[in-house]
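2 protein chains.
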Amino acid sequence: MSLQLYDYAASANCYKVRLLLAQLRQSYERIPVDIFAGDTLTDEFHEINPARSTPVLAINGGSYLQESAAILVYLAEGTEFLAAAPLERARTIRWLIIEQTDVMPMIGGLRFRLQTGRLQPDDDEAVRRREGGEEVLALLNEHLAGRDFLVGANYSIADIAVYAYTHVAPEAGYDLSEYPAVASWLRRVESRPRFINDLAPYPANARPGQGVSVYG
Amino acid sequence: MSLQLYDYAASANCYKVRLLLAQLRQSYERIPVDIFAGDTLTDEFHEINPARSTPVLAINGGSYLQESAAILVYLAEGTEFLAAAPLERARTIRWLIIEQTDVMPMIGGLRFRLQTGRLQPDDDEAVRRREGGEEVLALLNEHLAGRDFLVGANYSIADIAVYAYTHVAPEAGYDLSEYPAVASWLRRVESRPRFINDLAPYPANARPGQGVSVYG
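Heads up: the sequence lines are chains A and B, in that order. Residues 183 to 398 in the working numbering are what the first sequence spells out, letter by letter. Residues 183 to 398 in the working numbering are what the second sequence spells out, letter by letter.
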């Protein structure tokens, strides 16, 4: 299987996929996408992903797969990172959904906007996202109390997905000492074999007025 | 397998599950949850779903499964409604994600707020959701042009999930004649064997000031 990853180094959605690929010892070609240089706005990128988001996985040079959660499921199929039992599989999907509807837009969305100067901490929109992030951190903390990992007994793509934006929550102003079960779970994820963290900081062109307008 | 569905008749997230269960000819007990009477705010419901959302599937009286997309995956496993091939399975997950991150909050969220008097069409928040809904309708329309169904050649839980809030888009002010491939796909979904549509209108207590405050 030949894999190419259309990848933005500062996107935790992309980092999820890089982490799983490292833990699978799966080789791949990384194709950098500079979002704020306009790389996702081209006709060529439209052919790869009409939703113009990253990551995108190209499989054997012909098939494209979009959405980080779908890529994780595809790569983890048949491995220790995705359970075979139907109920555990479905619970994995549950956390992949919650990650994309709550963890990513609230925690990740707030961090992006604060770090790139799109919002100030007291702005209404920042407060709305901070409160949404606190809700999902409380949900995670309750779920992880007494559990090692999010689904069943084993580390899975659910943990990889939720880890990606949760581990940088302090950079958005969240105090993870208020969520001790989350904090200790983050350390467990980081102690897994072949764990990597190569999430890059936002580059200068991610600030409004520096690069192309993609996210306002 | 004994199934109970914690179910809100006016939620299209719940309707998805009812539609799949009907098409699977799977019997189940429906347990009505009156969201705006406070049924999801009780300690008892917290044990069933700490995120306090519907639907929730109870399996054999003991295991709870939350999130409509996860329930669809669980019920469809091994049936014609979820492909066995890894890439088609992953593409199904892709659409389940897009449904929950874009279709539901934009189209469904706008419809709910307009129909229950939480927003007026010209409010900033209504405009933001309308534009987000137009983007995802354009994405769907492009994808469905030349395709019968969302994933591969066959009707699947991807279609069920996206149908749920898309078919009521006109009630949120969207003109589906601008998205002809979406409109004809809706008719194809409706012509599938054992198709049902029992989505209920929002009851009087869903209006602010009438029932408990759940969604502002």
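Every residue gets a Cβ at the ideal spot worked out from N, C-alpha and C, and that includes glycine. Small disclaimer: the values here were computed from a predicted structure and weren't measured.
Just mark Ile378(A) as buried or exposed, buried being the case when its beta carbon has 16 or more other beta carbons within 10 Å. exposed
Between Tyr197(B), Lys198(B), Arg207(B), which lies nearest to Met183(B) when the distance is taken from Cα to Cα? Arg207(B)
How about Glu324(B): is its C-beta nearer than 8 Å to some C-beta of chain A? yes
Note down, in chain order, every chain B residue with its Cβ under 7 Å from the Cβ of Pro268(A). Tyr256, Glu259
Give me whichever residues DSSP pairs with Tyr214(B) in a beta bridge. In the sequence as presented, Tyr is not what sits at residue 214(B); that position holds Pro. Pro214(B) is bridged to Asp189(B).
The beta strand (DSSP E) that contains Ala382(A), what's its start and end? That residue, Ala382(A), is in no beta strand (DSSP E); it is neither H nor E in DSSP.
For the putative contact between Leu332(A) and Val344(A), defined by C-beta atoms under 8 Å, what is the C-beta separation to the nearest angstrom? 6 Å
Can you list the residues of chain A that Pro232(B) reaches, using a CB-CB cut of under 8 Å? Leu321, Glu324, His325
Nearest candidate by alpha-carbon position, reference Ile217(A), set Ile230(A), Arg234(A), Gly355(A), Glu226(A): Arg234(A)
At a CB distance below 9 Å, what residues from the segment 280-298 of chain B approach chain A? Give them in sequence order. Ile280, Gln282, Thr283, Asp284, Met286, Pro287
Entirely within the segment 252-293 of chain A and at least 4 residues each: give me those alpha helix (DSSP H) ranges in chain order. 268-280
Listed by chain order, chain E residues near Leu247(B) by CB distance under 9 Å: The chain labelled as chain E is not found among the protein chains of the depicted structure, namely A and B.
If you measure from the beta carbon of Ile241(A) to each beta carbon in chain B, is any gap under 8 Å? yes
Using the Cα positions of Asp393(B) and Ala191(B), report the straight-line distance between them to the nearest angstrom. Note that residue 393(B) is Gly in the sequence shown here, rather than Asp. Going by the C-alpha atoms only, they are around 16 Å apart.
Exposed or buried, what is His349(B) when buried is set at 16 or more other beta-carbons lying within 10 Å of its beta-carbon? buried
Nearest neighbour of Ala251(A), chosen from Ile275(A), Gly260(A), Ala266(A) [CA to CA]: Ile275(A)
Note down, in chain order, all residues in the segment 339-361 of chain A with a beta-carbon under 8 Å from any beta-carbon belonging to chain B. none
Pull up the DSSP beta-bridge partners for Val238(B), would you. Tyr188(B), Gln248(B)
For a contact meaning CB atoms closer than 7 Å, what does Ala308(B) contact in chain A? Chain A residues near Ala308(B): none, gap ~16 Å exceeds 7 Å.
Residues of its chain near Arg293(B), where Cβ-Cβ distance is below 8 Å and the 5 sequence neighbours each way are ignored: Tyr347, Val350, Ala351, Glu353, Ala354
Could you tell me whether the Cβ atoms of Val255(A) and Tyr246(A) are closer together than 8 Å? no
Let me know if Ala219(A) comes out buried or exposed under the rule of 16 or more other beta-carbons within 10 Å of its beta-carbon. exposed
Classify Gln205(A) as helix, strand or coil using the three-state DSSP reduction. helix
Run through chain A and tell me which residues come within less than 8 Å of Ala251(B), C-beta to C-beta. Ile275, Arg276, Ile279
Do Tyr197(A) and Asp330(A) have their C-beta atoms closer together than 8 Å? no
Is DSSP giving Gln297(A) helix, strand or coil here? helix
From which residue to which residue does the alpha helix (DSSP H) around Arg369(B) run? 362-372
Compute the Euclidean distance between the alpha carbons of Glu316(B) and Asp189(A), then round it to the nearest angstrom. 27 Å
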